[in-house]
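Q:
Number of protein chains: 2
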Amino acid sequence: MASRLPTEPPRGMRDILPAEAELRDAAAETILAVYRRHGFRRIETPALESLSLLTGGGGGENEKLIFKVLKRGDKLDVAAAVTEADLADLGLRFDLTVPLARYYAQNHAKLPDPLRAVQLGPVWRAERPQRGRYRQFTQCDIDILGVASEIAEIELILATTEALGALGLEGLTVRINDRRLLTAMAAWCGFAPERHGSVFITLDKWDKLSPEEIRRELAEAGHPAPAIARMLDLYATAAPASLSAVQRQLGNPTAEGAFAALERILGAVGAAAAGRFRIDFDPTLVRGMGYYTGPIFEIRSSSFAAGSIAGGGRYDGMIGRMLGRAVPATGFSIGFERVVDILGRAEGGAGRDDKRLAFLFEDGAQELGGVLRAAQALRGQGYLVALERQTRSPGAQRAALEKQGYHGVATVGPDGRADVHWFADRALRRSGSRT
Amino acid sequence: MASRLPTEPPRGMRDILPAEAELRDAAAETILAVYRRHGFRRIETPALESLSLLTGGGGGENEKLIFKVLKRGDKLDVAAAVTEADLADLGLRFDLTVPLARYYAQNHAKLPDPLRAVQLGPVWRAERPQRGRYRQFTQCDIDILGVASEIAEIELILATTEALGALGLEGLTVRINDRRLLTAMAAWCGFAPERHGSVFITLDKWDKLSPEEIRRELAEAGHPAPAIARMLDLYATAAPASLSAVQRQLGNPTAEGAFAALERILGAVGAAAAGRFRIDFDPTLVRGMGYYTGPIFEIRSSSFAAGSIAGGGRYDGMIGRMLGRAVPATGFSIGFERVVDILGRAEGGAGRDDKRLAFLFEDGAQELGGVLRAAQALRGQGYLVALERQTRSPGAQRAALEKQGYHGVATVGPDGRADVHWFADRALRRSGSRT
Numbered sequence: 002m003a004s005r006l007p008t009e010p011p012r013g014m015r016d017i018l019p020a021e022a023e024l025r026d027a028a029a030e031t032i033l034a035v036y037r038r039h040g041f042r043r044i045e046t047p048a049l050e051s052l053s054l055l056t057g058g059g060g061g062e063n064e065k066l067i068f069k070v071l072k073r074g075d076k077l078d079v080a081a082a083v084t085e086a087d088l089a090d091l092g093l094r095f096d097l098t099v100p101l102a103r104y105y106a107q108n109h110a111k112l113p114d115p116l117r118a119v120q121l122g123p124v125w126r127a128e129r130p131q132r133g134r135y136r137q138f139t140q141c142d143i144d145i146l147g148v149a150s151e152i153a154e155i156e157l158i159l160a161t162t163e164a165l166g167a168l169g170l171e172g173l174t175v176r177i178n179d180r181r182l183l184t185a186m187a188a189w190c191g192f193a194p195e196r197h198g199s200v201f202i203t204l205d206k207w208d209k210l211s212p213e214e215i216r217r218e219l220a221e222a223g224h225p226a227p228a229i230a231r232m233l234d235l236y237a238t239a240a241p242a243s244l245s246a247v248q249r250q251l252g253n254p255t256a257e258g259a260f261a262a263l264e265r266i267l268g269a270v271g272a273a274a275a276g277r278f279r280i281d282f283d284p285t286l287v288r289g290m291g292y293y294t295g296p297i298f299e300i301r302s303s304s305f306a307a308g309s310i311a312g313g314g315r316y317d318g319m320i321g322r323m324l325g326r327a328v329p330a331t332g333f334s335i336g337f338e339r340v341v342d343i344l345g346r347a348e349g350g351a352g353r354d355d356k357r358l359a360f361l362f363e364d365g366a367q368e369l370g371g372v373l374r375a376a377q378a379l380r381g382q383g384y385l386v387a388l389e390r391q392t393r394s395p396g397a398q399r400a401a402l403e404k405q406g407y408h409g410v411a412t413v414g415p416d417g418r419a420d421v422h423w424f425a426d427r428a429l430r431r432s433g434s435r436t
Numbered sequence: 002m003a004s005r006l007p008t009e010p011p012r013g014m015r016d017i018l019p020a021e022a023e024l025r026d027a028a029a030e031t032i033l034a035v036y037r038r039h040g041f042r043r044i045e046t047p048a049l050e051s052l053s054l055l056t057g058g059g060g061g062e063n064e065k066l067i068f069k070v071l072k073r074g075d076k077l078d079v080a081a082a083v084t085e086a087d088l089a090d091l092g093l094r095f096d097l098t099v100p101l102a103r104y105y106a107q108n109h110a111k112l113p114d115p116l117r118a119v120q121l122g123p124v125w126r127a128e129r130p131q132r133g134r135y136r137q138f139t140q141c142d143i144d145i146l147g148v149a150s151e152i153a154e155i156e157l158i159l160a161t162t163e164a165l166g167a168l169g170l171e172g173l174t175v176r177i178n179d180r181r182l183l184t185a186m187a188a189w190c191g192f193a194p195e196r197h198g199s200v201f202i203t204l205d206k207w208d209k210l211s212p213e214e215i216r217r218e219l220a221e222a223g224h225p226a227p228a229i230a231r232m233l234d235l236y237a238t239a240a241p242a243s244l245s246a247v248q249r250q251l252g253n254p255t256a257e258g259a260f261a262a263l264e265r266i267l268g269a270v271g272a273a274a275a276g277r278f279r280i281d282f283d284p285t286l287v288r289g290m291g292y293y294t295g296p297i298f299e300i301r302s303s304s305f306a307a308g309s310i311a312g313g314g315r316y317d318g319m320i321g322r323m324l325g326r327a328v329p330a331t332g333f334s335i336g337f338e339r340v341v342d343i344l345g346r347a348e349g350g351a352g353r354d355d356k357r358l359a360f361l362f363e364d365g366a367q368e369l370g371g372v373l374r375a376a377q378a379l380r381g382q383g384y385l386v387a388l389e390r391q392t393r394s395p396g397a398q399r400a401a402l403e404k405q406g407y408h409g410v411a412t413v414g415p416d417g418r419a420d421v422h423w424f425a426d427r428a429l430r431r432s433g434s435r436t
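See below:
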């Protein structure tokens with residue numbers, strides 16, 4: 002009668018096998034080491050937050066994708082419940098930015114000022130599962146809270162390009178724009194101020210749609226034809242464009258400081274890049290989140306054509322809503338899953354060059370103490386050593402061990418020390434190519 | 002009208018500040034490095050599992066403490082819902098063992114055989130919050146699946162004592178017993194087989210209660226007086242006891258193999274310990290989980306008197322319930338939160354001996370390129386370097402930076418290279434103790 006229990010992970014979530022887990026660990030270590038060198042300090046928040054926080058307006062569309070947690074004990078009255086709000090009080094975080102803002106508001110008195118925070122951890126979104134998109138995925142964010150100057154953006158960009166470079170990602174290009182410039186642009190075109198968000202959603206597709214498709218989408222959204230025409234005209238001449246060309250065209254000398262900010266970031270980062278990566282002004286860059294207030298940026302790699310691998314921007318308004326006083330803030334998020342995916346597909350994408358040995362022994366027939374001592378001595382030399390019971394067919398066993406990721410086998414030699422046989426050595430010897 | 006958003010973490014959960022986060026990261030790295038050397042391979046499962054799995058019987062009392070996740074979209078009908086089962090389909094994992102069993106059943110064809118798995122991650126239990134006990138906490142488990150021989154227990158114990166030793170925990174003692182021996186003991190005393198669980202719950206308190214209190218608790222639970230008397234008599238002479246003394250007394254020469262298993266583990270581990278730690282047979286050791294089937298063990302440290310810091314045992318029955326064929330399994334779990342707590346309280350419990358520098362600059366007044374280059378050169382030498390804007394009162398700023406965990410400040414020298422001033426140097430110079 003007893004039916005077997007389900008063994009699949011929940012829909013849209015997945016199990017991570019050892020080879021990928023090791024790749025993920027190695028990537029996380031590499032990224033965190035670079036961020037630590039740049040003075041960022043690791044912090045952690047709980048996976049769960051109150052639903053009132055999560056639905057408080059900082060999450061945009063993501064607020065609709067929250068996994069909500071049932072109230073517990075007396076707080077739950079199933080019979081009397083009418084709406085979801087009667088049933089749930091907590092939710093799994095959908096990003097690391099809303100929890101960071103709460104964390105800072107709660108703990109600022111005990112935190113360094115400014116705070117350079119690095120977070121690495123899972124977030125959850127109940128999206129329709131699709132290839133390469135999961136309902137639990139890892140994000141890696143750095144944020145600088147308490148610095149109004151563009152030095153913060155410069156630090157974020159230099160640290161993140163260095164981290165991505167340390168992972169081996171090639172052909173990095175930073176694209177940068179500014180929300181204030183987008184607003185000045187939309188005002189100059191003549192779009193209604195309260196409808197700028199809709200304009201930006203379409204502008205975000207600039208590199209995917211033709212000008213005619215852009216025009217049609219904006220017209221269908223009800224924007225006035227003269228404004229649409231002006232915008233198409235502006236971007237036809239300005240993209241790709243120099244900052245000064247856009248500045249001349251808009252006739253808005255500061256755009257509330259956006260031009261000076263972009264100029265400083267482009268200058269300092271460009272000089273420090275010294276050819277390791279490119280940084281380009283891109284007036285069509287939008288970045289989705291509504292909370293951005295200043296410079297916005299993303300990074301693409303020639304290793305991955307389909308989209309960006311990191312993105313961020315300044316969000317000076319968010320923390321004030323929780324703390325009651327304004328705190329300037331800017332952040333950069335690496336798409337950890339995408340990066341791991343690229344590394345996994347790259348040749349030589351193995352996590353580490355550890356040497357993994359199977360220490361063969363005859364269980365029961367052999368004095369175990371000698372096996373344990375010899376195996377431990379190998380570990381002391383830096384090898385990864387697992388004990389494996391010897392089978393009756395050594396050839397088949399070695400083939401199986403090699404397939405499982407072992408690089409060689411060891412046994413206790415006559416002198417009590419380990420005899421090591423590397424699989425690669427044997428292959429090389431056999432092919433006669435050993436020098 | 003807009004009320005400020007809540008900034009406290011959810012009840013029983015907590016924010017982790019930088020110093021503790023760094024300690025946790027360093028502890029995790031140390032433990033994982035030792036386990037890797039012993040051939041364990043990192044795996045990961047999702048935080049959420051189906052409620053049918055979580056409530057399927059492997060979790061004992063923990064099944065009552067599950068954070069349940071509301072169904073989503075059309076699957077949720079609040080008005081028609083009568084019980085929690087109508088509302089929730091997923092839950093946050095309460096341990097790493099039930100998910101591991103599911104993972105193995107699902108992925109065994111792609112996994113090494115035997116599998117040595119190491120997991121490190123958060124689990125969630127809706128317990129009544131109390132000092133030092135949280136509703137989200139981290140566990141670190143190693144498990145060996147596919148090895149029936151006691152070599153598996155020997156590996157678990159040697160690897161875990163080495164990991165705890167590498168963390169600096171002192172005075173480690175392993176206590177070991179066997180579930181089959183507990184059953185043989187309860188049968189010999191004359192307790193009813195279906196009531197053995199209740200006997201073990203009381204026996205588990207052997208080191209906290211007096212014999213008279215043990216007698217009273219067993220009597221109140223309705224156990225027969227002659228069985229209670231026999232048990233008290235047995236343990237009065239046998240605890241602390243040698244294995245052979247218990248074996249003679251019980252008159253059960255094998256206890257289904259328990260004596261041979263314990264003898265082999267005690268012998269091999271005792272020899273390999275070579276004085277680094279103790280291993281003792283303890284016939285009163287119970288371990289709470291009902292799924293254990295063979296040897297059970299835990300580790301205490303003289304650094305922490307109040308309880309064990311790691312525990313585990315053999316659970317040969319659990320995976321078969323999901324896979325449909327029996328797979329021998331044994332595991333060991335480090336109480337990560339407790340270990341971090343001990344390390345944090347210990348003198349010199351800082352996570353790393355990194356050198357953290359604040360690179361002072363005058364924002365706007367100074368050419369930024371030189372600052373960025375000099376700071377990056379220091380990072381290349383292994384220092385952790387953050388940019389900090391110079392204030393008008395250098396003394397107060399240095400004091401504040403030292404309080405925030407910086408070890409010194411740097412500035413650009415006349416030659417374009419960094420001038421570094423260590424706070425400790427200054428203190429030493431001032432006290433005249435510098436050699």
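These protein sequence lines are chains A and B, in that order. Sequential numbering of the first sequence, starting at 2, is according to our numbering. Sequential numbering of the second sequence, starting at 2, is according to our numbering. By construction, the Cβ of each residue, glycine as well, lies at the ideal position given by its N, Cα and C atoms.
Mind checking if M186(A) is an interface residue toward chain B, Cβ cutoff 9 Å exclusive?
A: No, its Cβ sits nowhere closer than 9 Å to a Cβ of chain B.
Q: Using CA coordinates, which residue listed in F298(B), R15(B) and G295(B) is at the minimum distance from R136(B)?
A: When only C-alpha atoms are compared, the closest one is R15(B).
Q: Along the segment 168-199 of chain B, where does the CB come closer than 7 Å to a CB of chain A? Name the residues.
A: Going along the segment 168-199 of chain B in chain order, one finds no residue with a Cβ nearer than 7 Å to chain A.
Q: Is it right to say R42(A) is buried, meaning 16 or more other beta carbons lie within 10 angstroms of its own, or is it exposed?
A: It counts as buried.
Q: In this structure, does DSSP put F360(B) in helix, strand or coil?
A: Strand, per DSSP.
Q: Kindly indicate the opening and closing residues of the alpha helix (DSSP H) around K404(B).
A: First-last of the alpha helix (DSSP H) with K404(B): P395 to K404.
Q: If we ignore side chains and look at the alpha-carbon of each, how far apart do R73(A) and T56(A) end up?
A: The straight-line gap from Cα to Cα measures roughly 20 Å.
Q: Starting from the Cα of I177(B), find the closest Cα among D142(B), A261(B) and L286(B) and give me that residue.
A: Checked all of D142(B), A261(B) and L286(B); the closest Cα to I177(B) is L286(B).
Q: Going by DSSP, which residues form a beta bridge with A411(A)?
A: F360(A) and V421(A).
Q: From the DSSP output, read off the bridge partner residues of E45(A).
A: I17(B).
Q: Starting from the beta carbon of V103(A), find every residue of chain B whose beta carbon is closer than 9 Å, and list them in chain order.
A: For clarity, residue 103(A) is Arg in the given sequence; the question names Val instead. Result: L6, P7, T8, E9, P10 and D16.
Q: How would you list, in chain order, the residues of chain B whose beta-carbon sits under 8 Å from the beta-carbon of N108(A)?
A: Within chain B, the residues near N108(A) are D16 and L18.
Q: Just to confirm the assignment: which complete beta strand (DSSP E) runs, minimum length 3, are found wholly within the segment 281-352 of chain A?
A: DSSP runs (the beta strand (DSSP E)) wholly in the segment 281-352 of chain A: 296-302, 311-315 and 330-335.
Q: Please confirm whether V413(A) has its beta-carbon closer than 9 Å to some beta-carbon of chain B.
A: Cβ-Cβ to chain B under 9 Å: no for V413(A).
Q: Does any C-beta atom of chain A lie closer than 9 Å to the C-beta of E389(B)?
A: It does; some Cβ of chain A falls within 9 Å.
Q: Using 10 angstroms around the beta-carbon of D420(A), count the other beta-carbons present and answer buried if the total reaches 16, otherwise exposed.
A: D420(A) comes out exposed.
Q: In chain B, what lies closer than 9 Å to F68(A) by C-beta?
A: Those are L49, V70, L71, R73 and L91, listed as they occur along chain B.
Q: Mind listing the chain B neighbours of Q137(A)? Cutoff is C-beta to C-beta under 8 Å, in chain order.
A: Within 8 Å Cβ-Cβ: P47, A48 and L49.
Q: Is W423(B) close to chain A, meaning its C-beta is less than 9 Å from at least one C-beta of that chain?
A: Not one chain A Cβ lies under 9 Å of W423(B).
Q: Looking only at its chain, what residues have a beta carbon closer than 8 Å to the beta carbon of V70(A), apart from the 5 residues adjacent to it on each side?
A: Closer than 8 Å at the Cβ level, and outside the excluded window around V70(A), lie L49, A89, D90, L91, G92 and L93.
Q: So, A411(A) versus L379(A), is the Cβ gap smaller than 9 Å?
A: Cβ distance < 9 Å, so A411(A) and L379(A) count as in contact.
Q: Cutting at 6 Å between CB atoms, please list the residues of its own chain near K356(B), excluding the five before and the five after it.
A: So the qualifying residues of the chain are Y384 and H408.
Q: Roughly how many angstroms lie between the CA atoms of M290(B) and G191(B), to the nearest whole one?
A: Spanning the two alpha carbons is a distance of roughly 23 Å.
Q: Looking at the structure shown, is H253(B) part of a helix, part of a strand, or coil, going by DSSP?
A: The question names His, but residue 253(B) in the sequence shown is Asn. The answer is coil: DSSP assigns N253(B) none of H, G, I, E or B.
Q: Mind the definition here: the segment 260-271 of chain B touches the segment 146-160 of chain B only if three or more C-beta pairs lie below 8 Å; say whether that holds.
A: The answer is yes - the segment 146-160 of chain B touches the segment 260-271 of chain B, with three or more Cβ pairs under 8 Å.
Q: For the pair the segment 74-83 of chain B and the segment 309-329 of chain B, tell me if three or more CB-CB distances fall below 8 Å.
A: With the cut-off at 8 Å, the segment 74-83 of chain B and the segment 309-329 of chain B do not touch.
Q: Within the continuous alpha helix (DSSP H) that includes F192(A), where are the two ends?
A: Taken as a continuous stretch (DSSP letters only), F192(A) belongs to no alpha helix (DSSP H), as it is neither H nor E.
Q: When the Cα atoms are used, what is the spatial distance from V119(B) to P113(A)?
A: Cα to Cα, V119(B) sits roughly 34 Å from P113(A).
Q: Taking its Cβ as the centre, do 16 or more other Cβ atoms sit within 10 Å of R117(A), making it buried, or is it exposed?
A: Buried is the call here.
Q: Does any CB atom of chain B fall closer than 9 Å to the CB of I202(A)?
A: It does not; no Cβ of chain B falls within 9 Å.
Q: Tell me which residues share the same chain as F360(A) and place their Cβ nearer than 8 Å to its Cβ, disregarding the 5 neighbours each side in the sequence.
A: Same-chain partners within the cutoff: V372, A375, A376, L379, V386, A387, L388, E389, V410, A411, T412 and A419.
Q: Within this structure, are the beta carbons of V148(B) and I280(B) separated by less than 9 Å?
A: Their beta carbons are not under 9 Å apart, which means V148(B) does not touch I280(B) by this criterion.
Q: Would A273(A) and G417(B) be called neighbours here (beta carbons separated by less than 9 Å)?
A: No; because the gap between Cβ atoms is not below 9 Å, this pair is not in contact.
Q: Determine the direct distance from the alpha carbon of I17(B) to that of A351(B), and round the result to whole angstroms.
A: Only weak support exists for where A351(B) lies, its pLDDT of 49 falling under 50; the value from the coordinates is given anyway. Those two C-alpha atoms are separated by around 15 Å.
Q: Tell me the DSSP secondary structure of G92(B) in three-state form.
A: Three-state DSSP puts G92(B) in a strand.
Q: Could you tell me if H422(A) is buried or exposed, where buried requires 16 or more neighbouring beta carbons within 10 angstroms of its beta carbon?
A: Burial call: exposed.
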